[in-house]
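The structure under discussion appears below in the form of structure tokens.
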Amino acid sequence: MIKKIENHFYQLRYAAMDAYCLLLIYDVCCLWSQRIGVSIEEILSQQEPIHPLIVLKFSYI
1 MIKKIENHFY QLRYAAMDAY CLLLIYDVCC LWSQRIGVSI EEILSQQEPI HPLIVLKFSY
61 I
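Mapping the sequence shown onto full-length UniProt numbering, position 18 (from 1) lands on 18, and the numbers just tick up by one.
As structure tokens, then:
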């Protein structure tokens, strides 16, 4: 049981760091858009939708 809780903690910490890194990247993109004189909203509105591949876990008997 302790191992399961420990793994959950590491997964949660990894997800939090991942989200934090994405926010840092977004901040840099906002600064970049200001430098070129185009709003970030305009840039994002021209972005095609991204459809991530969802990996499903299967349990085999």
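From the three backbone atoms N, C-alpha and C, an ideal C-beta is built for every residue, glycine too.
| query | result |
| --- | --- |
| Which runs of the beta strand (DSSP E) spanning at least 3 residues fall entirely within the stretch 20-57, listed in chain order? | none |
| Give a yes or no on whether the C-beta atoms belonging to Ile-43 and Cys-30 are separated by under 7 Å. | no |
| For Ser-45 and Glu-6, what's the separation of their Cα atoms in angstroms? | 41 Å |
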